[in-house]
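S.K.:
Protein chains: 4
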Amino acid sequence: MPGSTFGRILTITTFGESHGPGIGVVMDGVPPGLALGAQDIQRELDRRRPGQSAITTPRSEKDRVEILSGVFDGLTTGTSIALLIRNEDKRSSDYDNLKDLYRPGHADWTYSAKFGVRDWRGSGRASGRETAARVAAGAVAKKFLSARGVTLLGYSREIAGVRAVRVVPEEIERNAARCPDPEAAPRMIEQIEKAKAEKDSVGGIVEVVADGCPPGLGDPVFDKLEALLGHAILSVGAVRGVEVGAGFEAVRMRGSVYNDEPYMDGDRIRTRTNHAGGIAGGISNGMQIVVRAAMRPPASISKPQKTLDTSGKPVTVEIAGRHDPCIVPRAVPVIEAMTALVLADCLLIQEAYRGSR
Amino acid sequence: MPGSTFGRILTITTFGESHGPGIGVVMDGVPPGLALGAQDIQRELDRRRPGQSAITTPRSEKDRVEILSGVFDGLTTGTSIALLIRNEDKRSSDYDNLKDLYRPGHADWTYSAKFGVRDWRGSGRASGRETAARVAAGAVAKKFLSARGVTLLGYSREIAGVRAVRVVPEEIERNAARCPDPEAAPRMIEQIEKAKAEKDSVGGIVEVVADGCPPGLGDPVFDKLEALLGHAILSVGAVRGVEVGAGFEAVRMRGSVYNDEPYMDGDRIRTRTNHAGGIAGGISNGMQIVVRAAMRPPASISKPQKTLDTSGKPVTVEIAGRHDPCIVPRAVPVIEAMTALVLADCLLIQEAYRGSR
Amino acid sequence: MPGSTFGRILTITTFGESHGPGIGVVMDGVPPGLALGAQDIQRELDRRRPGQSAITTPRSEKDRVEILSGVFDGLTTGTSIALLIRNEDKRSSDYDNLKDLYRPGHADWTYSAKFGVRDWRGSGRASGRETAARVAAGAVAKKFLSARGVTLLGYSREIAGVRAVRVVPEEIERNAARCPDPEAAPRMIEQIEKAKAEKDSVGGIVEVVADGCPPGLGDPVFDKLEALLGHAILSVGAVRGVEVGAGFEAVRMRGSVYNDEPYMDGDRIRTRTNHAGGIAGGISNGMQIVVRAAMRPPASISKPQKTLDTSGKPVTVEIAGRHDPCIVPRAVPVIEAMTALVLADCLLIQEAYRGSR
Amino acid sequence: MPGSTFGRILTITTFGESHGPGIGVVMDGVPPGLALGAQDIQRELDRRRPGQSAITTPRSEKDRVEILSGVFDGLTTGTSIALLIRNEDKRSSDYDNLKDLYRPGHADWTYSAKFGVRDWRGSGRASGRETAARVAAGAVAKKFLSARGVTLLGYSREIAGVRAVRVVPEEIERNAARCPDPEAAPRMIEQIEKAKAEKDSVGGIVEVVADGCPPGLGDPVFDKLEALLGHAILSVGAVRGVEVGAGFEAVRMRGSVYNDEPYMDGDRIRTRTNHAGGIAGGISNGMQIVVRAAMRPPASISKPQKTLDTSGKPVTVEIAGRHDPCIVPRAVPVIEAMTALVLADCLLIQEAYRGSR
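Residue numbers (our numbering), protein chains in the order written: chain R, 3 to 359; chain V, 3 to 359; chain H, 3 to 359; chain B, 3 to 359.
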């Protein structure tokens, strides 16, 4: 089945299963002449990798990336860039007792129904591990955006009901929750630890803000910027909702409140509020682009759950394995990566038409 | 710029501006042999068309559809289907005083920034009028789905803070708010009328439920069913957020609560709850598919608003024209249409691989 | 089934059957700000339209184009451009006696096999009439290219074994054969008339030359310029082969002869010969781009032919109707159009990456 | 730049340079449940690999393939299949003296013009070595087709003016020229050796025949089967022309001769001749599909040639390195692979619509 390619002229095509030889991505459409080294990608992978803190899964993957193509003498060549990450700490045996049942909240049953065959080792292709490939590609997109003055900031806006009220950028990478609010951070971590102790899991909200985007990104009708972002972000495993700007809160606003008032800031048009989240009519307006992803609690919990085995018989399962009690902190670089990929693609498309005027 | 095509093997390509000769759509990939007449499409267009009730814009468009191709002797031929709707009640002069300014909350400034030129008559291509083409195509998708046992139900889940608590299907088309709850309906309408009287506008939430979907729809990684739905629905003008199943509420659930418990219902696997909204691992699981769109209040209000003219000078604008104080009721068939198009596309892709096993 | 869309960021989506209400095209990705009027398109349609000379079909279609969208105040807006051509001189009754048989050399049987249903009136979607939509879109692409200094010249290089030896550009539109060689032209016409008198048909070769293309058009691996041209041109009904530069003659050349020797012409790199047809490694090199299409003789002939009816019974058929004894002269603008569409698409892609350096 | 992805629902995305770490491909859309092992792919790679005979380049690459994903317990899982081939015998130093000049007939100058940067080691991405990835993917496509009763046969129809008159299938892999005619084979080899001795190179024609294709493959208008084949095959480095069935010979035929006469063969419709090459109206008709690729002589020859260095100064070059005097025999599996990929993609698309009837 299709589904492993995303993008319009900057595309990524990913591959790999949780417990196969490795995972990776082929990126096509990266402009030539961009300085790129493995360390640019490694930095982002390290933010996503398992085992990075006490509140993430102890699966120990170094996630070392190898650049297989598309870079020569430290510069991108304009041809397809392949990135490979070998799987190292595979304990497929952890899954031996799971292969004959459908874990609740997982893709086990739907993959079986769809494909007839299923790689049961750690969810196979449906594993969150596939997002490492996204993060690797996102690192390249970020590098390109950064050279164009576009920077991204991602963080946990909410975890287990605890909300970050302030955004202190330098705080984010200082705490295991990737919370931008120094007061909220310990409370988030506490909630995650509590859930873990109770063999349960919790959800939250990732927020990504993009600064420096020129007006004009996104295309009319079906390729509105929020539509592309929605596609990109809702394709990340645990995401159940996406919103831009005021998002679901806009639902209860009056038009006179929601409409952002434009004014001149020097020779630039800005708006006094940013309910639009930097996107009007599907096209960036030069303000901050703000997007949020609602992430459900991870499906794998060690609490006993009722489910079915593959023959349809009721069984109770306690999922041992090595799992994250909350995926939000590790999802931050993933949502950033997807945002970066969409923005870079839109920037290139916009360039095509700007150049032609 | 691209952006007017959506879909993978069932595609739609739309065209048309609010005040140009007409709008329309070319659908490609509709299976041959499907009974289809103009009346099938007209029925859906009538649900979206302006002037259908006291709480919608009085612009009088009959939205008569003409089938230009792809149907012969009452059956689809398998070749591209073109549908044309002429614009009739164009009062471009309404916009004469607006052409030199940027209306707040509209795409005026972003379209100018992106394209250099702008069709200022009624928002041109950025007008909500383009959704008529989506509804026309969606009618065809619904016809196909219906022949396969898949039916869709859409309604206003919330308007101006008033929430529908019950869903009584036959109630929906009986009230101007398309509210499924007979108690909430008059209160929704009251809120819309109040906003209108106060020269303002209100937002709300459209919910669409799909029944009868087989397991297996959606594809791994980037073409997860919720990602395709997110793309489709966030591309509709006023939508600021999309969620499936428990959506943003999942954020505060524990895994032990969120995970839907599977059980056997005869020879079918079902789940006791449906927090997943019918989608697990990006693939339909045979339960109801549930999707919601957050719609902001319409940007056009007649209350005075501060803005800029195209030279950057501050001005105050009162948007007269003919506008909807709330777009939610008319958006119901649009969100249904986008859902139908995604499901039909996924069903065809799934067929390709089922057939090949 | 899919198949009605072509292009990467400049796309065309066509619709329409030979004897339906009309045919047309939606073009997406045309840059904004391009001066465009119906007359720009009409001029090209007139070169393709039936009944233009004594050696073409007498079907009388004025092929008047209507611009339905994407143009405002005489300029393209950057949004999708829809073009509609109504069918006028439909004599579907001509086909009454053909609907129950499979005409030799036609798509009657394959369309039946593929679709189950078939629009038997004048080949339906498989009719050469669909190329009017291509020519209309090609006219827009040509306008864009022309503004960028790229011009196209198409002509009949060979008809019924008569070859044009010289290319005198101004001669081409002066004779009904669109032959660039004043000596060969009357002999080509004579051969066409002879075939017509003998109730038969003849084939030939269309050649298109593009001048002024910058180096850099086309993309590595699968989107080499010749591959895109091949796709575009082999999709035209009667084309059975495509070649670029020396083409099939290159097969018998030695490398030392085939390799074009580069030299400096002022500050430009040129080559002394152009066996490559302006494309090296899949990418334009700044020399003339030369492409040729091999066109088979039209399938519709009035000579008696043995065939099968739809029940499988052998029958003899004489196809009366109104047909072209040779399609080559009318195919010239079609092959030009497809070439123009590919070049314009490549130019925009190239712009995206040039702008990003 | 884009260009590294091909296909509609069965897609391949390739990567890799001649002298980088390796080359490979990600295939998406392969049906689940297909038995697949490395040996299935290796067999085809061995037919393409360098150093297989006295008349090919002595570069010694074992071209060992590693399956990185998409296969579990010997069966395809329906998810993306990644295949990696490491480069082993890289002698980049061979190219040290070439990095500052533009080799005649190569992509050196066009890649420089397009990308600004260039991987000069053995043509980088423009190297024929990228076709190993195509062959690997083609092996999977062949496996799928074979399970559906479709088989492919490829061979050298012509080399250096020597034409194979007969096609004896079992002869093909017996001689280094992959010539199906035992009389022509030694003469082809002799011509290749002669060219090699004279430090020159020769071209030829690859023909591929597909047996067992059901009617219905290919889609209307732009995705006609011959158009997809043309795109696929013209994207192979040295191909300068493509034709199907009678191809360029159809140009001199009369319609009464070209039209294939249908007859009933039991309950199957067949045609007495096959000038159409198994494709009518862009759709397979159940007869043999016949396609031919015109291959120019390789650009790398050791004969002295005049060219330019990268500063524009005239120089003379003798290309030492390790090169093929004729690429036709090694191109046979490449053209087969591209044909297989197109047919498999069309078969899946057809399945989608057959299933939906």
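Built from N, CA and C at the ideal position, the CB exists for glycine as well.
#1: Pick out whichever of R:S258, R:W111, R:K198 and R:I69 has its Cα sitting closest to the Cα of R:T312.
#2: Tell me which residues of the segment 30-60 of chain B have at least one Cβ-Cβ distance to chain C shorter than 9 Å, keeping chain order.
#3: Where in the segment 109-196 of chain H do unbroken runs of the beta strand (DSSP E), each at least 3 residues long, occur, reported from the N-terminal end onward?
#4: Could you check what DSSP says for R:V415 in three-state terms: helix, strand or coil?
#5: Please classify R:K198 as buried or exposed, where buried requires at least 16 neighbouring CB atoms within 10 angstroms.
#6: Since B:Y265 is in the beta strand (DSSP E), which residue starts that stretch and which ends it?
#7: Roughly how many angstroms lie between the CA atoms of B:A342 and B:L230, to the nearest whole one?
#8: Can you tell me which residues form a DSSP beta bridge with V:S286?
#9: What alpha helix (DSSP H) runs, 4 residues minimum, are completely inside the segment 29-101 of chain B?
#10: Counting beta carbon pairs with one atom in the segment 244-257 of chain V and one in the segment 157-171 of chain V, are three or more of them shorter than 8 Å?
#11: Could you give the residue range of the beta strand (DSSP E) that holds B:L310?
#12: Hey, R:V32 and R:T15: beta-carbon distance below 8 Å or not?
#13: CB-CB under 6 Å to B:P182, same chain, minus the five flanking residues each way: which ones, in chain order?
#14: Less than 8 Å between CB atoms is the rule here; does V:R294 satisfy it with respect to chain B?
#15: Could you name the residues of chain V that B:I11 contacts, counting a contact when the two beta carbons are closer than 7 Å?
#16: Output yes or no for whether 8 Å exceeds the beta carbon distance between B:T13 and R:T7.
#17: Since V:V211 is in the beta strand (DSSP E), which residue starts that stretch and which ends it?
#18: With a cut-off of 8 Å on the beta carbons, I'd call R:A212 and R:M340 a contact; round off their distance for me.
#19: Going along the chain, which unbroken runs of the beta strand (DSSP E) with 3 or more residues stay wholly within the segment 213-257 of chain H?
#20: Should R:S129 be labelled buried (16 or more other beta-carbon atoms within 10 Å of its own) or exposed?
#21: Identify whether H:L103 lies in helix, strand or coil by the three-state DSSP scheme.
#22: Thinking C-alpha only, which one of B:F74, B:K101 and B:G72 is nearest B:I321?
#23: Would you decide whether R:G283 is buried or exposed? Buried here means 16 or more other CB atoms lie within 10 Å of its CB.
#24: Which chain V residues sit within Cβ distance under 7 Å of R:K308?
#25: Using the beta-carbon of each residue, which ones in chain V are nearer than 7 Å to B:P222?
#26: Report yes or no: is there a C-beta of chain V within less than 8 Å of the C-beta of R:W111?
#27: How would you write the range of the beta strand (DSSP E) that V:M297 sits in, first residue to last?
#28: For the beta strand (DSSP E) that B:I271 lies in, which residues bound it at each end?
#29: Just to confirm, are B:L350 and B:I11 a CB contact at a threshold of 8 Å?
#30: Compare the C-alpha of B:E46 against each of B:A179, B:P216, B:R136 and B:Y104 and name the closest.
#31: Say whether chain B places a C-beta atom closer than 8 Å to the C-beta of R:L345.
#32: Taking the straight line between their C-alpha atoms, what separation do you get for R:D262 and V:R131?
#33: First and last residue of the beta strand (DSSP E) that includes H:G18?
#34: Just curious, the beta strand (DSSP E) that V:P316 is in, first and last residue?
#35: Measure how close the beta-carbons of B:L227 and B:C328 come, nearest whole angstrom, since I'm counting them as under 8 Å.
#36: Along chain B, in chain order, which residues have C-beta atoms closer than 8 Å to that of V:G214?
M.R.: By the coordinates alone:
#1: For the residues R:S258, R:W111, R:K198 and R:I69, the minimum Cα distance to R:T312 belongs to R:W111.
#2: Structure shown: chain C not included; protein chains present are R, V, H and B.
#3: 153-161
#4: This structure does not reach residue 415 of chain R, given that chain R is present from 3 up to 359, and the question cannot be answered.
#5: That one is buried.
#6: P264 to D267
#7: Taking the straight line joining both Cα atoms gives about 11 Å.
#8: V:I281
#9: 40-50
#10: no
#11: Q307 to D311
#12: no
#13: Y157, A166, V169, V170, E173 and I174
#14: no
#15: I11, I351 and A354
#16: yes
#17: G206 to D213
#18: No, R:A212 and R:M340 are not in contact; Cβ-Cβ is about 12 Å, not under 8 Å.
#19: If we require 3 residues or more, the beta strand (DSSP E) runs fully inside the segment 213-257 of chain H come out as 241-246.
#20: Flag for R:S129 reads buried.
#21: strand
#22: For the residues B:F74, B:K101 and B:G72, the minimum Cα distance to B:I321 belongs to B:K101.
#23: The residue is buried, with at least 16 neighbouring Cβ atoms inside 10 Å.
#24: E263
#25: T81
#26: yes
#27: I291 to M297
#28: R270 to T273
#29: Result yes, Cβ atoms of B:L350 and B:I11 sit closer than 8 Å.
#30: Comparing Cα-Cα distances from B:E46 to each of B:A179, B:P216, B:R136 and B:Y104, the minimum goes to B:R136.
#31: no
#32: 23 Å
#33: T13 to G18
#34: P316 to V319
#35: Actually they do not touch by this definition, with Cβ atoms about 29 Å apart.
#36: Close to V:G214, with beta-carbon spacing below 8 Å, lies no residue of chain B; the smallest spacing is near 15 Å.
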